[in-house]
Amino acid sequence: MELASSFLGKILYNSLIMSMAILLMAALSRTLLRKTSPRIRMACWLVIALGFVVPVRPLPYVVTVPVAESPILNDAAFLEGLSTARSMESMEGANQRRDALGDAEDGSLWEDSFASFQTASAGGKGTIGYEGVLTCIWAMGFLVTLMVYSVKHWMFLRMVRRWGRPVDDGVVERMREVGRKVGLRRRVHLLASPVITTPIMIGMFRPWIILPVDTVTDDKLRYVLMHEALHVKCGDIWVKGLSLLALAFHWFNPLVYLMNRTIVTESEYACDLSVLRHLDEGERFGYGETLLFVAKRGRRAETLLSTSFHSGRDGLKRRLKNIMDYSTPKRWLARSCIAVLVVGLFSAIGLTGFRIETKSVGVKDRFMATPSSRQDELWQIGLKDVYKDYFMVGTAVNSWTLQGELLDLTTKHFNAFTFENDMKPDQVQGKEGEFDYERVDKVTELLNGNGVHMVGHSLAWHQQTPQWMWGSRVKAKERLESHVENVLRHVGRDMVAIDVVNEAFGSAAVGDDWRMDLRTEGWYSVLGSDFVEIAFRKADEVRQAIGRPDLKLYYNEYGLEYEGKAKAVYNMVKELRQKGVAIDGIGMQGHFDQNVSVLEVKRSLDLFHTIPDIEVSITELDVAITRSEHAEQLSPKEEEMQGLLYAKLFSLFRQYAKGSANPDESKRLIARVTLWGVTDDGSWRAENHPLLFGGDGEPKQAYYAVADPDGYLADDGKLDANGG
Ligand code: GLA
11 MELASSFLGK
21 ILYNSLIMSM
31 AILLMAALSR
41 TLLRKTSPRI
51 RMACWLVIAL
61 GFVVPVRPLP
71 YVVTVPVAES
81 PILNDAAFLE
91 GLSTARSMES
101 MEGANQRRDA
111 LGDAEDGSLW
121 EDSFASFQTA
131 SAGGKGTIGY
141 EGVLTCIWAM
151 GFLVTLMVYS
161 VKHWMFLRMV
171 RRWGRPVDDG
181 VVERMREVGR
191 KVGLRRRVHL
201 LASPVITTPI
211 MIGMFRPWII
221 LPVDTVTDDK
231 LRYVLMHEAL
241 HVKCGDIWVK
251 GLSLLALAFH
261 WFNPLVYLMN
271 RTIVTESEYA
281 CDLSVLRHLD
291 EGERFGYGET
301 LLFVAKRGRR
311 AETLLSTSFH
321 SGRDGLKRRL
331 KNIMDYSTPK
341 RWLARSCIAV
351 LVVGLFSAIG
361 LTGFRIETKS
371 VGVKDRFMAT
381 PSSRQDELWQ
391 IGLKDVYKDY
401 FMVGTAVNSW
411 TLQGELLDLT
421 TKHFNAFTFE
431 NDMKPDQVQG
441 KEGEFDYERV
451 DKVTELLNGN
461 GVHMVGHSLA
471 WHQQTPQWMW
481 GSRVKAKERL
491 ESHVENVLRH
501 VGRDMVAIDV
511 VNEAFGSAAV
521 GDDWRMDLRT
531 EGWYSVLGSD
541 FVEIAFRKAD
551 EVRQAIGRPD
561 LKLYYNEYGL
571 EYEGKAKAVY
581 NMVKELRQKG
591 VAIDGIGMQG
601 HFDQNVSVLE
611 VKRSLDLFHT
621 IPDIEVSITE
631 LDVAITRSEH
641 AEQLSPKEEE
651 MQGLLYAKLF
661 SLFRQYAKGS
671 ANPDESKRLI
681 ARVTLWGVTD
691 DGSWRAENHP
701 LLFGGDGEPK
711 QAYYAVADPD
721 GYLADDGKLD
731 ANGG
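Residue numbers (our numbering): 11 to 734.
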C-alpha cells in the first residue's frame, strides 16, 4: 500500500505531526510563554504554519505499519486470470514459448494481467480505489475552502473600492509622520470607506489602510495609523496568508482553525506591544481608550486576509490588560522557552521528523509478520535440509564464481550441483580429441563430498557445441559416441545424474508424432532422430563399464509445462524405452515466468508419472518477472507474486517428491529440484530477478516461500485455486 508515500498520505501525516506542534505551542503559550514577547510567539506560529504548508521532511525515520488488506496475490480471481492468460498463450502456440522467455510478448501478457489487477483493486480490493476517493474528497475540501476565503476577500475588496473615497490631506500627513516614527519604509495607500467600522489593513504586496469615514480625534487617528503601520512593517499579513493556506490544505483538521484564530489574536497582541514601544506612559492610556472606542462601534473586517485594529472580542480583554501591564517581558524566560520550543518544533517539522509507511499485509506479509524468529529459523536451516527427505535441492554452478560468500551461500542451501557451463561440449572438447576437464574437476573437487551430488550437463545439445562435431553421418556418430564416452569415463563416477540429450525438441512441438517435433539443427541435421538413441545407448554402455549402473541418464527439455511438448517427450521416452534404450529421467527445466500455470506443470507431472519407473527432476528452475522496463529491483508486489509462485511450485513438487517424506507412495516421482543459479545477478535472466537471493545474497520473498511453502500460503487456500 502506497498511501503514506502518496500525496494524500503526506498531507494526513503532516497534519498529524503539525497538530502536535499546535498543541505544544498552545500549552506553552498559556504557561511558560505567557510572559514572553508576542513577537516571539508569532515567529513560532509562522514556523508551524510553514510546517503545515510544506509537507517535506528532510531526514525522515521510516516507521512501517502493516495494514491488512487484500493485495494482488491474495486474489484467486487474479491468479485464475493469470492461468487463463497463460493457457491462451499456450494454445496460441507453444512454439513461441522458447523465444518468448523474457521478451516483450510475455511482458505484455503480464502487463495486461497487471492492468486488470489495478482495475480490480480500483474497484475496492486494494487501496488504490479508496485512496482515490479520499483524495477527491480532500481536493474538493481544499478547493471549497480556498474559494470561500477568496470570494469573501474579493467581495470585500470590491465593496471597499466601490464605496471608498480618498482621505483628507491631514490624514495623509499624519500617516507620513507615523511612518517616520515607526520606521516604515514602504508606501502605504489610504482610503476612507463608509462600509467598515474598524480600521483595517489589506494587501500583501501593496498595503492599503482603510479607515472608517467618521471623524475621530487626532490622537485616536494617530494610534490607529501607528497600529496598522506596524502591522505592515512586521509583515503580519503574510503570516495570516500562510495560515490561511494551511487551513485550505488541512481543512479537515480542527486544530488548524484554532491556529488560525490564535494567529489573528497573537498578531494583535504583538502589534499592540510594538505600538507601546513608541508611546509614552500617558499615551498608553489613550491607546487603550482608542481600542475600546473602536471595539464598541465595530465588528471586525469581513476578510481574514487583513489586519484590523479591532480583531474581535476574543482577545480584547487580554489586549487591554497587556496595554496596562507595565512589566517588561522576561527575557531569560523567553530565551529558555524558545530553546524548548525550537527543539519541539523542529522535531515536528523537519530535522527529526519520521515518516509512517503502511504496507499491505498479504500472503507474504502475514507470513513475514509472524515472529521474525521464524524467518531467522528458516534462514538458519539450509533449503537442502528442509527438503532432505523429499528431494535434492540443487543449483547451477560455474567454476569462476564459486568463492567467498557466494560459495558459503551455495553450500549452505544446496546439495546438488549442475555444471551450468563448464561441462558443455564447447568447454570440454573445443578441438577434436582435446578434452579439457580442468574447470569441471575444480568444481567437483570443491563441492563434491558428503551428502552432495554432482549433476552432469550436457552431452548432446545443439547449442554451445562446436560445429566441427557435425560432419558426415558416419563422423558425427563417431564423434557423438566418443564425446559421450570420454566425458562419462572422466566424470561419471562423481555424478548422480547427467543430461545426456538436451533440448531435442523445438518450440512448436504438438506431440502427435515425436519425430516430427524434433528440431532440425545440430546433431539432428546429420543423424536425424537417431542421435537421441545413439547418445543414450552409448551413455548406458559407459556407465556399466565404469561400474555406475545407478548413474541416472536424463533427457532434459524446456517448456515441458506445455501439453504438446510434454506429449512429444513422453512419446519419445516411452518408445525408446520400449526399444531397450535406457532413459532414467526426464528433466523439466522449469524456466518459468509470472504466467506459469501450476496446473499445467501438474498435468505434465501426471503424464510423465505414467511411464513406469521413470524419475523426473526440475532441472533449471527460475521464475522470471518480466516487465516492460527493467527496474533495479522487483517491486514489493512483484516479489510477493514471485514468492507465491515459488511457494505453489514447491508445494506441488513436494506432493510428487520421490523421497520417503512424501506420504503418497503412488506419487513418488521428483528426485531433484535445481534452481538455475543462486543470486539474481548471476542468472542468465538477471534483469528479471528470477532466483531466491538478491544480488547482495540476501534472501528474497521467494526464499522464504521455498523454505516454508505452507507457511507462505497459510490461510489462503491458494493451492486449490491454482491447481496446486
Ligand atoms: C538451456 C540450457 C542451460 C542454459 C540455459 C540458458 O536451458 O540447458 O544449460 O544454457 O539454456 O542459460
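Quick reminder that beta carbons are idealized off the backbone N, C-alpha and C, glycines included.
Model, not experiment: these values are computed from the prediction.
Using 10 angstroms around the beta-carbon of P673, count the other beta-carbons present and answer buried if the total reaches 16, otherwise exposed.
Working through the sequence shown from its first residue, we reach residue 673 at position 663. Exposed: under 16 other Cβ atoms inside 10 Å.
Checklist entry - Which same chain residues, not among the five before or five after G440, have their C-beta less than 8 angstroms away from its C-beta? => result By one-based count along the sequence shown, residue 440 stands at place 430. Closer than 8 angstroms at the Cβ level, and outside the excluded window around G440, lie D446 and P476.
query = Quick one, which of M464, S409 and Y564 has its alpha-carbon nearest K452's?
reply = Reading the sequence shown from its first residue, position 442 is the one you call residue 452. When each option's Cα is compared against that of K452, the closest is S409.
Identity of the residues DSSP links to H619 by a beta bridge: For the purposes of this step, residue 619 is taken as the residue at position 609 of the sequence shown. The partner list for H619 (beta bridge, DSSP) is empty, contrary to what the question assumes.
Which word fits Q643, buried or exposed, when buried means at least 16 other C-beta atoms lie within 10 angstroms of its C-beta? Against the sequence shown, residue 643 aligns to sequence position 633. The residue is exposed, with fewer than 16 neighbouring Cβ atoms inside 10 Å.
| Q599: CB within 7 angstroms of a non-hydrogen atom of the ligand GLA | Along the sequence shown, read from residue 1 onward, the residue named residue 599 stands at position 589. Yes, the beta carbon of Q599 sits closer than 7 angstroms to at least one heavy atom of the ligand GLA.
task: Can you tell me which of E238, Q390, L283 and I21 puts its alpha carbon nearest to the alpha carbon of T145?
output: Residue 145 sits at position 135 when you count from the first residue of the sequence shown. Selected option, being the one with the closest Cα: I21.
What is the residue span of the beta strand (DSSP E) that Y565 lies within? Counted from its first residue, the sequence shown places residue 565 at position 555. Looking at the DSSP string, the run of the beta strand (DSSP E) that includes Y565 is K562 to E567.
| field | Bridge-paired residues (DSSP) for S318 | value | Taking the sequence shown and counting its residues from 1, the one referred to as residue 318 is at position 308. Partner(s): I210.
- Message: Any contact between the segment 195 to 206 and the segment 280 to 300? By contact I mean 3 or more CB pairs, one from each, below 8 angstroms.
- Response: no
- Which term fits G292, buried or exposed, when burial requires 16 or more other beta carbons within 10 angstroms of its beta carbon? Reading the sequence shown from its first residue, position 282 is the one you call residue 292. Classification of G292: exposed, given that the 10 Å Cβ count is below 16.
* Can you tell me whether DSSP reads R168 as helix, strand or coil? -> Taking the first residue of the sequence shown as 1, we reach residue 168 at position 158. Residue state, collapsed to three classes: helix.
Might you give, ordered along the chain, the residues of its own chain that have their beta carbon closer than 6 angstroms to the beta carbon of R664, omitting 5 neighbours on each side?
Numbered from 1 along the sequence shown, position 654 holds the residue referred to as residue 664. Excluding positions up to five away in sequence, the list reads Y400.
- Query: Residues bridged to K441 by DSSP?
  - Reply: Along the sequence shown, read from residue 1 onward, the residue named residue 441 stands at position 431. Answer is E444.
- Excluding five sequence neighbours on each side, which residues of the same chain lie with their C-beta closer than 8 angstroms to the C-beta of A549? Counting from one through the sequence shown, the residue named residue 549 turns up at place 539. Only L469, V494, L498, I508, V510, L563 and A592 meet the Cβ criterion.
*Which value, in whole angstroms, describes the spacing of the CA atoms of Y23 and A37?*
Translated into positions along the sequence shown, residue 23 becomes position 13. Translated into positions along the sequence shown, residue 37 becomes position 27. Rounded to the nearest angstrom, the two C-alpha atoms are 22 angstroms apart.
Please work out which residues of its chain come closer than 8 angstroms, Cβ to Cβ, to L315, disregarding the five sequence neighbours upstream and downstream, and give them in chain order.
-> Residue numbering aside, residue 315 sits at position 305 when the sequence shown is read from its first letter. Closer than 8 angstroms at the Cβ level, and outside the excluded window around L315, lie Y159, H163, I212, M214, I247, K250, G251 and L254.
**Message:** So, with DSSP's three-state summary, where would you put V450?
**Reply:** Here residue 450 refers to the residue found at position 440 of the sequence shown. Of the three classes helix, strand and coil, the one that applies to V450 here is helix, per DSSP.
> Does the Cβ of H699 lie closer than 7 angstroms to at least one heavy atom of the ligand GLA?
Replying inline: On the sequence shown, residue 699 is found 689 positions in, with the first residue counted as 1. No; taking the cut-off as 7 angstroms, the Cβ of H699 has no heavy atom of the ligand GLA nearer than that.
>> Checking 8 angstroms against the spacing of the C-beta atoms, do P435 and M464 come in under that value?
In response: The residue you call residue 435 lines up with position 425 of the sequence shown. The residue you call residue 464 lines up with position 454 of the sequence shown. No; because the gap between Cβ atoms is not below 8 angstroms, this pair is not in contact.
Are there 16 or more other CB atoms within 10 angstroms of the CB of A426, so buried, or fewer, so exposed? Locating residue 426 in the sequence shown gives position 416, where the first residue counts as 1. Flag for A426 reads buried.
Requested in this report: Specify the secondary structure class of V226 as computed by DSSP and reduced to three states.
Outcome: As a first step, residue 226 is located in the sequence shown; it is residue number 216 there, counting from the start. Here V226 sits in coil by DSSP.
Does the distance between the C-beta of N512 and the nearest non-hydrogen atom of the ligand GLA fall short of 7 angstroms? If you number the sequence shown from 1, residue 512 lands on position 502. Yes; taking the cut-off as 7 angstroms, the Cβ of N512 has a heavy atom of the ligand GLA nearer than that.
Which residues share a DSSP beta bridge with D509? By one-based count along the sequence shown, residue 509 stands at place 499. The partner list for D509 (beta bridge, DSSP) reads H467 and Y564.
With DSSP run on the structure shown, which of helix, strand or coil describes P673? On the sequence shown, residue 673 is found 663 positions in, with the first residue counted as 1. P673: coil per DSSP, three-state reduction.
Considering only DSSP beta bridges, list what F602 is partnered with. Working through the sequence shown from its first residue, we reach residue 602 at position 592. Answer is V633.
Closer than 7 angstroms to a non-hydrogen atom of the ligand GLA - does that hold for the CB of W694? Counting from one through the sequence shown, the residue named residue 694 turns up at place 684. Checking every heavy atom of the ligand GLA against the Cβ of W694, one is found closer than 7 angstroms.
Original post:
CA-CA distance, L617 and G414?
Top reply: The residue you call residue 617 lines up with position 607 of the sequence shown. The residue you call residue 414 lines up with position 404 of the sequence shown. Cα to Cα, the separation comes out at about 42 angstroms.
Once DSSP output is grouped into helix, strand and coil, what is the label at I333?
What you label residue 333 is simply residue 323 of the sequence shown in a count that begins at 1. I333 falls in the helix class under three-state DSSP.
Given that a residue counts as buried once 16 or more other Cβ atoms are within 10 Å of its Cβ, and exposed if not, what is G263?
-> Along the sequence shown, one-based indexing puts residue 263 at 253. Per the sequence presented here, residue 263 reads as Asn, with Gly not at that position. With 16 or more Cβ atoms within 10 Å of its Cβ, N263 is classed as buried.
K589 to V579, Cα distance in whole Å?
Residue 589 sits at position 579 when you count from the first residue of the sequence shown. Residue 579 sits at position 569 when you count from the first residue of the sequence shown. Cα to Cα, the separation comes out at about 15 angstroms.
What is the rounded straight-line gap between the Cα of D224 and the Cα of A349? The residue given as residue 224 occupies position 214 in the sequence shown. The residue given as residue 349 occupies position 339 in the sequence shown. The alpha-carbon atoms of D224 and A349 are separated by roughly 47 angstroms.
Next on the checklist: Which same chain residues end up closer than 8 angstroms to V626 when comparing Cβ atoms and leaving out the 5 residues on each side of it in sequence?
Outcome noted: Numbered from its first residue, the sequence shown carries residue 626 at position 616. If we look at V626 and ignore the five residues flanking it on each side, its Cβ neighbours are G595, I596, G597, M598, L615, F618, H619, Y666, L679, I680 and A681.
Examine the ligand GLA and report whether any of its heavy atoms sits within less than 7 angstroms of the Cβ of H467. Walking along the sequence shown from the start, residue 467 turns up at place 457. Flag set: Cβ of H467 near the ligand GLA.
Discussion item. On the DSSP bridge list, what partners appear for P709?
Written reply: Stepping through the sequence shown from its first residue, residue 709 is reached at position 699. Looking at the DSSP assignment, P709 forms a beta bridge with F703.
DSSP state of M433, grouped into three classes?
In the sequence shown, the residue the question calls residue 433 occupies position 423. The answer is coil: DSSP assigns M433 none of H, G, I, E or B.
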